[in-house]
RNA sequence: GGCUCCGUAGCUCAAUUGGAUAGAGCAACGCUCUUCUAAAGCGUAGGUUACUGGUUCGAACCCAGUCGGAGUCACCA
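Numbering (my numbering), first residue to last: 84 to 689.
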């Protein structure tokens with residue numbers, strides 16, 4: 084497929100040489116799609132040439148326009164508006180674009196070397212079910228995977244499951260103490276929610292214990308001794324919670340003891356841990372299935388948390404890392420504007436950095452990935468900066484291919500999600516709500532195929548999240564997310580459905596080889612389609628699926644308008660009908676393909 | 001407080017990376033179904049792009065400052 088933007092740049096360079104005897108490089112020129120209010124398909128911006136050519140932008144535009152019109156048969160017309168040269172391409176050019184798209188079904192895919200890429204996403208803790216934040220993470224990870232595959236990369240999906248540590252011990256302890264042998268089955272609950280309940284129960288019991296403690300003489304003594312700042316008693320104890328957990332709490336002591344037992348491989352503890360985690364995994368699996376995602380490999384923190392120590396030893400030997408007098412090991416990242424970072428505690432135990440270092444190496448060994456993408460929230464920006472800097476300092480061969488796909492938190496209209504305040508939006512609940520909404524709307528239209536309803540509901544939810552630039556913090560309004568009208572997933576699905584409906588009625592209608600002169604709307608649609616490859620390329624390069632979401636919407640919107648204005652099956656001529664059938668088929672496939680990159684499915688009717 | 005990021009219509013988001021008169025959707029108000037599916041289309045209204053200055057042919061975007069918000073600054077993840 085010819086790259087028309089490049090062609091325009093080429094002919095412009097040629098023209099400059101011819102008219103001004105001057106050499107310019109492609110970088111000096113900007114070609115963009117023409118704004119809707121002006122006539123033309125592409126616009127050449129000439130301001131940047133004025134200085135070098137010693138002429139005013141409008142003059143340059145005028146003479147270049149004349150040259151281009153002469154030099155290329157596919158240019159139909161040019162028009163100068165200030166320093167902008169608007170170029171209209173010929174009808175036959177646009178017809179040939181359509182033919183090419185049919186001949187080359189991959190016209191929309193950017194082409195990259197088949198580099199190996201690893202995408203890590205989801206990566207939940209195993210003490211409670213997935214929530215809204217995970218959904219954003221998962222959708223971003225999935226879309227990244229899909230678009231990298233489309234661009235020709237060889238991609239593997241992984242997650243690291245945080246299956247050990249104090250959090251899961253809290254759930255375990257709580258179930259042990261209060262659970263009375265209940266199981267998800269006996270409680271009639273989805274199994275990850277069941278485990279989450281025990282975590283919540285722990286926090287409740289702990290709060291009770293903490294409140295009671297605050298009345299004791301011991302607590303008041305501590306408060307009096309430490310209130311150097313002007314904190315109220317309430318504020319003080321709010322801040323003191325963690326220290327209380329570690330120093331005084333009975334429940335805290337029990338949870339920590341359980342963690343120690345776990346680390347000592349105590350059989351009973353391990354058995355309990357396995358049981359509760361298996362409940363969680365069964366539940367996660369269900370949720371992933373509903374979201375339509377899967378993974379190639381799971382890493383478990385319980386397997387990897389001891390990794391990285393040999394790398395650190397090696398680093399110390401090579402003077403990349405250093406040992407303090409107390410035996411702890413550090414890295415100095417001040418040369419890169421960062422801090423000193425701890426890598427190994429003085430007692431020789433790992434911190435997260437240690438583990439991440441080891442895991443990266445392990446993945447490189449196992450997959451040989453030249454690029455590793457970590458989909459992780461932006462509260463960990465600093466951590467990843469440090470991690471990558473460290474791996475760079477260490478000189479690992481995969482250092483330059485590391486990327487943190489950082490995304491903003493998801494807020495609710497009433498503010499931040501806080502598990503403490505119990506306003507966390509649960510993933511399964513959310514899915515149920517959108518499906519219910521889709522079902523209600525569908526029944527009004529006498530649609531009751533559950534598979535169609537599922538596709539519509541999930542499209543609404545997914546599109547609502549994935550259309551936002553990942554880097555930006557976003558507000559998730561549950562009411563707006565179930566909307567089926569306007570800039571939504573179902574709106575785009577509807578464009579697709581309308582196309583399928585026409586194609587079904589048309590049957591095998593491939594006659595009409597007469598030449599047909601496409602109208603403006605059709606040129607515009609073809610222009611949009613031909614930009615698809617560029618858009619996806621940008622999405623890949625910027626790790627930004629929202630670009631694809633916005634593209635698909637713009638295309639669907641344009642199509643809806645076209646659908647309203649132009650008849651396909653009752654076209655004015657055979658040639659027109661044949662052309663339009665081809666056009667809408669390509670549009671439908673394009674919508675299907677681009678939305679698939681976002682994990683959004685298309686129904687055939689709705 | 002140090003560092004990082006953000007601030008665009010009442011609300012949720014765009015803006016082809018410095019280009020034309022800053023665009024969509026929602027909400028509001030009108031209009032269009034005997035039509036290839038109205039989950040649609042058309043129109044009206046809504047803006048000093050937080051503020052001030054600077055850079056230049058040209059700034060929401062770059063620079064400086066101010067104000068407001070978020071994140072982070074753990075031997076947490």
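All C-beta atoms, glycine included, are put in the ideal place defined by N, C-alpha and C.
These figures come from a predicted structure and were not determined experimentally.
Per DSSP, residue 485 is one residue of the beta strand (DSSP E) stretching across 485-490. Boundaries of the alpha helix (DSSP H) around residue 293: 274-297.
With a 10 Å radius around the Cβ and a threshold of 16 neighbouring Cβ atoms, residue 194 comes out exposed. Short of 8 angstroms from the beta carbon of residue 256, and not among the five residues preceding or following it, lie these beta carbons of its own chain, in chain order: 285, 334, 337, 338 and 341. Around the beta carbon of residue 348, fewer than 16 other beta carbons sit within 10 angstroms, so the residue counts as exposed. For residue 249, the enclosing alpha helix (DSSP H) has its first and last residue at 249-261. Taking residue 645 as the centre and dropping the five residues before and after it, the same chain places the C-beta of 604, 605 and 608 closer than 8 angstroms to its C-beta, in chain order. With respect to the C-alpha of residue 462, the residue from 454, 163 and 490 having the closest C-alpha is 490. Listed in chain order, the beta strand (DSSP E) elements of length 3 or more contained wholly in the region 146-173 are 158-164 and 167-172. Residue pairing by DSSP places residue 116 opposite 125 in a beta bridge.
The beta carbon of residue 109 lies closer than 6 angstroms to those of 92 in the same chain, with the five residues before and after it left out.
For residue 478, the secondary structure class from DSSP, reduced to helix, strand or coil, is coil. Residue pairing by DSSP places residue 404 opposite 414 in a beta bridge.
Per the DSSP secondary-structure output, residue 201 pairs in a beta bridge with 239 and 455. With fewer than 16 other beta carbons inside 10 angstroms of its own, residue 350 counts as exposed.
C-alpha of residue 293 to C-alpha of residue 283: approximately 15 angstroms in a straight line. Residue burial is scored here from C-beta neighbours: residue 568 has fewer than 16 other C-beta atoms within 10 angstroms and is therefore classed as exposed. Within 10 angstroms of the beta-carbon of residue 538 lie 16 or more other beta-carbons, which makes it buried. The beta carbon of residue 419 is closer than 7 angstroms to those of 472 in its chain, skipping five residues each way along the sequence.
Here DSSP, grouped into helix, strand and coil, assigns residue 216 to helix. By the CB criterion at 8 angstroms, residue 458 and residue 220 fall inside the cutoff. Residue burial is scored here from C-beta neighbours: residue 203 has at least 16 other C-beta atoms within 10 angstroms and is therefore classed as buried. In summary, residue 478 is exposed, with fewer than 16 beta-carbon neighbours lying within 10 Å of its beta-carbon over all protein chains present.
Across the set 612, 652, 620 and 531, the C-alpha of 652 shows the shortest separation from the C-alpha of residue 585.
Within its own chain, the residues whose Cβ lies closer than 7 angstroms to the Cβ of residue 629, once the five positions on either side in sequence are excluded, are 549, 550, 551, 552 and 553, listed in chain order. The straight-line gap separating the alpha-carbon atoms of residue 424 and residue 225 is approximately 32 angstroms. DSSP lists 214 as the beta-bridge partner residues of residue 509.
Pairwise C-beta distances place the region 494-507 out of contact with the region 434-441, as fewer than three of them are shorter than 8 angstroms. Under DSSP, residue 678 forms no beta bridge with any residue.
Below 8 angstroms, too few C-beta pairs join the region 298-307 and the region 391-404 to call them touching: fewer than three. Excluding the 5 residues flanking it on each side, residue 475 has same chain C-beta neighbours closer than 7 angstroms at 482, in chain order.
In this structure, 143 is the residue among 143, 135, 120 and 118 with its C-alpha nearest to the C-alpha of residue 129. When the beta-carbon positions are compared, residue 126 and residue 168 come within less than 8 angstroms of each other. Between residue 427 and residue 411 the beta-carbon gap is near 6 angstroms, inside 8 angstroms, which marks them as a contact. Closest in C-alpha terms to residue 136, from the list 641, 123, 114 and 99, comes 99. The beta carbons of residue 240 and residue 379 sit about 5 angstroms from each other, so the pair counts as a contact at 8 angstroms.
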